[in-house]
Every structure is written in C-alpha cells, then in structure tokens.
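**Q** First residue of the sequence shown: 54, per our numbering; consecutive thereafter.
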Amino acid sequence: MAKSRLAMFGGSRTVEAAAGTSARTAWPIVTDTEREAVLGVLDSGRFTSVERGEVQLLEQEWAGYTGVRHCAALSSGTAAIELALVGAGLEPGAEILVPAFSFIATASAPVLRGLVPVFVDIDPVTYTLDPAAAAAAVTPRTRAVLAVHLHGLPCDMDALQALADRHGLVLVEDAAQSHGATYRGRQTGALGDVAAFSLNASKNLPTSGEGGLLTTDDDALYERVVLHRQFGEDLNGRGERAYLSHVVAGNAKLSSIQAAFTRGQLSRLDERHEQRDRNVRRFLGRLAELDGLVTPHCPDDRTHAWFQLRLRFDHQRMGCPDIAPGALRSVLQRALRAEGVPVRPYQSLPLPAQPALRDLPGTQPYRPEDHPATLALIEDSLTLQRWHLNPASGPLLDRCADAFEKVWGELDLLLPVARSTTYEPLWRQTGTAAVGA
Ligand SMILES: Cc1ncc(COP(=O)(O)O)c(C=O)c1O
C-alpha cells in the first residue's frame, strides 16, 4: 500500500466526520419505541416507582434476563453498589477487596458506607481483579470482594467464588459495564451474592439519564435493599402508606420515565450486541496484525460486552524499549486523533492514588509498587469509547482500522517525536511518594 502523509503532519484525515456520522455513532439510539414509551408514562400520570408500572416491569424483565429471583431499580449504579453492601449486611469498618483499576464509584461507594477498601492489583491480561493478589490481601477484617467486570469482560468468578467460600466473604459484582456479558454460560449479575448495574446513558443498557439496577437471589438481602431505597419504609403496595420508617435511609428510587426508556433499550440489547460483536471483532482482528498493538483478550469461557475497547502499545515489540510507555502512548494518541480516531485514556490513576482516596482512615498510604499491572496498563494504553456501541458504526470502525495501519506505517517518523517528548506520569505529579515504576 502506498504511504500517505500523516494528518498530524498535514496529510488528510482517514476518518472524516462526514454527514450521517452521528447516526452511525449516536448512543443511546432513540427510536419510536422509546418515544412512545416515554409519552406513555407522561399520558398515564404514573411518574413514580411507587405506582405500579414501568419500574416494576423493568425489574421483572431484568431479573428474567439475568436469571435471578430479584431485581431492584435504583437511581444510579453507584447507589446500586452502596445498597448491595448495605443489603449484604456489611458493617462500617469491615474491609472490602477492590481492584486498584476501575471507575471511582467502585471505591467511593464502599467508603460512603463506612467500609475500608483494600486495593488489589489486576490481572495483566484480562484487566480484572487478580484472584491470587486478592487472596494475598485477605486479613481477619475482610468481609467482601467487589468484582468489577471492567470494560464488559466478566472476572474470573470461579476463582473469586472459591476465595469467598474459603474466607466467608460476600461476593459483590460491579456489573456497571457488563450488561449481557456471560461467564460459563451465566449472565453477569447472577454470578455472586448481589450485583450492581449502571443505566447511565453511556452504558450498553442505557436510560435517558441516570439509573441503576441491583440483582440478587437472596430474599432477605433484597428486602433490606427495598427498605433502604426509600426512607426505610415498607412500601409494598398494600394499603395506605403508613409513614413508618424502620431504618434510617435515603431515597434512591428510579423514575418511571427512565424505566420506560430502558425497557425499549432492553428489547434490542441482544440484537445490538450481536452486530457490535461482529464489528468489534473485525476491527480488533485487523489491529492485532500490527506489531506491538495488544488487543483485548476474551477467554473462551466468557463473552465480552465490549463497553470499552482498550488497546495497549508494547514498546518492546514496537522496537522502542528506550521510549517511556506514557510518552509513546501520548504521541500515538496525537497521531490517531489527527486521523479522526477518538482514542483517549480511561482512568489516569490507580484508585488508591486518587486524591479523594488517599489517607483514608484505616487504609495504607498509596505505594505504586503494590499495583504494577495497574500502573503498566494506565501508562501503555488508550481506549475507544461509545462510538462502537452503535451497531451502525461498523464502516467507521473499518476506517479507524485504516488509520491505525496508516499510523503504524509511519512509526519511523513518530518514534523520534516520542523520544523527544518529556513525560511525567500523573500518579507522580499528584504527590505520590517517589518510589516504584
Ligand atoms: C465500573 C463502574 N462502577 C460503577 C459506576 C457507577 O455507575 P453510575 O454512574 O450509574 O453511578 C460506573 C459508571 O460509570 C462504572 O463504570
């Protein structure tokens, strides 16, 4: 193939934001199904979850889809994690094993409920909680494990369940990113004691704003969640509201409009996943041919929801071991974005290095050397987000693959730029002790 000049150096862009692009990349996709469902709620006048309707129907449908006895609709994924912990009876001061690499809510939800997060490194291949590192982090105070199915790939749940069984721990799934993904034929959300999903508009199963779903097979846990989602009141729909609060609790209900929107999305979840899976596998298959470009690995016993696509750049295999991975990544980001590929970092710090989470009572001070796989991943990778969720984005992903091939064809021009780039990792800039990596 004839070489063409990189857009970063004045050449033409590979992925043009042409007319029609947004119909290919918009997410969520809003069709007449959602419009009619939302209008139906407006016309019905049944706006709250207390009045039986869309919220209860969504709960039944999601419990059926995931294969569990109970689903509770909630105001966000964060609220779902919080109430999962409360419902499981975890007391303030208990330790919970949490991956060092995740979205902030994975750690802030336990902290908001008085638990002590103990950060555990990830597996360098799946980017999810490393069961061996989790086992090494158990103390006499450990009561729970929070397994995050990051980017849409289920964790190694058999190993985590065995660990939980050995130590009598509650196994909680953070399934915010994994709607529809399966592990050994079972849906995420049905793999532990209790699970939390996000319905944020960016997610594979979105609402038109914010929302969450909690799933469990445990009757007593479910009853506690229901009590805690609305003022500690037992609102079971029988008789007049008594205004009797059994526990101190907030308000974390989902509204009917959000539920109606999500029911429309749920009716297309599998069909959209199948098309997305084809698009993404074709895209990743082409990228995997490029020297040193590491594409996501999905073990044979799982399916991937492809919430995000994380791409790693192996400086050894790219023939530039002298270039800091972060410097290489930032130059590749500039080159790819100039070509029109919207790659970006997702999570620039290990969770324990987040300013909000340092120096929490009961936790160890942050030490970079404790989570080497997390730090390596942050430094050497970028993600593609949202675009690829839309099943019509296939042709654009093909153009993105063209752009990667073009950039890889010009590495001899880019590597000197990376070599002369001064680069300081964010975890060092934010006042981390000057040790490790
Ligand atoms: C892994 C993970 N956990 C929890 C959450 C929190 O969900 P929400 O934004 O609905 O509160 C998110 C949201 O992005 C997430 O990605």
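Cβ coordinates follow ideal geometry from the N, Cα and C atoms, glycine included.
Would you mind stating whether VAL201 and PHE172 have Cβ atoms separated by less than 9 Å?
**A** The count along the sequence shown starts at 1 and reaches residue 201 at position 148. The count along the sequence shown starts at 1 and reaches residue 172 at position 119. No, the Cβ-Cβ distance between VAL201 and PHE172 is not below 9 Å.
**Q** According to the neighbour-count rule (16 or more other Cβ atoms, all chains shown, within 10 Å of its Cβ), is LEU138 buried or exposed?
**A** The residue labelled residue 138 in the question sits at position 85 within the sequence shown. Per the 10 Å Cβ criterion, buried.
**Q** Could you spell out the range, first to last residue, of the alpha helix (DSSP H) harbouring THR86?
**A** Here the question's residue 86 lines up with position 33 in the sequence shown. Looking at the DSSP string, the run of the alpha helix (DSSP H) that includes THR86 is 85 to 97.
**Q** Would ARG194 and VAL225 be called neighbours here (beta carbons separated by less than 9 Å)?
**A** Start at 1 with the first residue of the sequence shown, and residue 194 comes out as number 141. Start at 1 with the first residue of the sequence shown, and residue 225 comes out as number 172. Their beta carbons are not under 9 Å apart, which means ARG194 does not touch VAL225 by this criterion.
**Q** Are the region 358 to 366 and the region 426 to 438 touching by the rule of at least three beta carbon pairs closer than 8 Å?
**A** yes
**Q** Excluding the five sequence neighbours on either side, which residues of its own chain have a C-beta within less than 7 Å of the C-beta of GLY64, listed in chain order?
**A** On the sequence shown, position 11 is the one that residue 64 refers to. If we look at GLY64 and ignore the five residues flanking it on each side, its Cβ neighbours are SER57 and ARG58.
**Q** Indicate, with yes or no, if ligand 1 has a heavy atom lying under 8 Å from the CB of THR181.
**A** Looking up residue 181 in the sequence shown gives position 128. No; taking the cut-off as 8 Å, the Cβ of THR181 has no heavy atom of ligand 1 nearer than that.
**Q** Within the present structure, is the beta-carbon of LEU203 separated from the nearest heavy atom of ligand 1 by less than 8 Å?
**A** Taking the first residue of the sequence shown as position 1, residue 203 is located at position 150. Within the cutoff, so yes.
**Q** Looking only at C-alpha atoms, which of ARG239, ALA158, ALA471 and SER231 sits nearest to ALA409?
**A** Against the sequence shown, residue 409 aligns to sequence position 356. Of ARG239, ALA158, ALA471 and SER231, the residue nearest in Cα terms is ALA158.
**Q** Tell me the residue span of the alpha helix (DSSP H) that contains ARG390.
**A** In the sequence shown, the residue the question calls residue 390 occupies position 337. 378 to 391 is the extent of the alpha helix (DSSP H) around ARG390.
**Q** Can you tell me where the alpha helix (DSSP H) holding GLU276 begins and where it ends?
**A** For the purposes of this step, residue 276 is taken as residue 223 along the sequence shown, with counting starting at 1. Bounds of the alpha helix (DSSP H) holding GLU276 are 272 to 282.
**Q** Below 6 Å CB to CB, which residues in the same chain sit around TRP440 once its five sequence neighbours on both sides are set aside?
**A** Position 387 of the sequence shown holds residue 440. Here the set comprises THR78 and SER446.
**Q** Could you check whether the Cβ of ARG355 sits closer than 9 Å to any Cβ belonging to chain D?
**A** Chain labels in this structure do not include chain D; a single protein chain is all it has.
**Q** May I have a chain-ordered list of the alpha helix (DSSP H) segments no shorter than 4 residues that lie completely inside the region 150 to 199?
**A** 158 to 165 and 184 to 189
**Q** For ARG382 and ARG390, what's the separation of their Cα atoms in angstroms?
**A** Residue 382 sits at position 329 when you count from the first residue of the sequence shown. Residue 390 sits at position 337 when you count from the first residue of the sequence shown. Each residue's Cα considered, the two are about 12 Å apart.
**Q** Check each candidate in PRO81, ASP85 and PHE360 and name the one with the smallest Cα separation from ALA234.
**A** Taking the first residue of the sequence shown as position 1, residue 234 is located at position 181. Put simply, of PRO81, ASP85 and PHE360 the residue whose alpha carbon is nearest the alpha carbon of ALA234 is PHE360.
**Q** Within a Cβ cutoff of 6 Å, which residues of the same chain sit near THR356, ignoring the five residues on either side of it in sequence?
**A** As a working mapping, residue 356 is identified with position 303 in the sequence shown. Cβ within range, chain order: ALA234 and THR235.
**Q** PRO259 and GLN214: beta carbons closer than 9 Å?
**A** Counted from its first residue, the sequence shown places residue 259 at position 206. Counted from its first residue, the sequence shown places residue 214 at position 161. In this structure, GLN214 does not lie closer than 9 Å to PRO259 by Cβ.
**Q** Are PRO421 and PHE154 touching if we call contact CB-CB under 9 Å?
**A** Position 368 of the sequence shown, counted from the start, is the residue given in the question as residue 421. Position 101 of the sequence shown, counted from the start, is the residue given in the question as residue 154. Going by C-beta atoms, PRO421 is not nearer than 9 Å to PHE154.
**Q** Write down the C-beta distance between GLY491 and VAL278 rounded to the nearest angstrom, noting that I regard them as a contact closer than 8 Å.
**A** Lying outside 54 to 490, the shown extent of the chain, residue 491 is not represented and no answer is given.
**Q** Say whether the region 236 to 246 touches the region 205 to 222, bearing in mind that this needs 3 or more beta-carbon pairs closer than 8 Å, one atom from each stretch.
**A** yes
**Q** Can you tell me whether DSSP reads TYR236 as helix, strand or coil?
**A** Locating residue 236 in the sequence shown gives position 183, counting from the first residue. Strand at TYR236.
**Q** Quick check: is any heavy atom of ligand 1 less than 8 Å from the C-beta of ILE491?
**A** No answer is possible for residue 491: the residues shown for the chain start at 54 and end at 490.
**Q** Return the first residue and the last residue of the alpha helix (DSSP H) that HIS299 is part of.
**A** The residue labelled residue 299 in the question sits at position 246 within the sequence shown. Neither: HIS299 is in no alpha helix (DSSP H) and is coded neither H nor E.
**Q** Taking the alpha carbon of PRO405 as the reference point, which residue from THR315, PHE314, VAL164 and GLY264 has its own alpha carbon closest?
**A** The residue labelled residue 405 in the question sits at position 352 within the sequence shown. The residue with the shortest Cα to Cα distance from PRO405 is VAL164.
**Q** With a threshold of 8 Å, are at least 3 pairs of Cβ atoms found where one atom belongs to the region 367 to 376 and the other to the region 127 to 134?
**A** With a cut-off of 8 Å, the region 127 to 134 and the region 367 to 376 do not count as touching, because too few Cβ pairs lie within range.
**Q** Does the beta carbon of LYS56 fall short of 8 Å from some heavy atom of ligand 1?
**A** On the sequence shown, residue 56 is found 3 positions in, with the first residue counted as 1. It does not: the Cβ of LYS56 is nowhere closer than 8 Å to a heavy atom of ligand 1.
**Q** Could you check what DSSP says for SER309 in three-state terms: helix, strand or coil?
**A** If you number the sequence shown from 1, residue 309 lands on position 256. Here DSSP, grouped into helix, strand and coil, assigns SER309 to helix.
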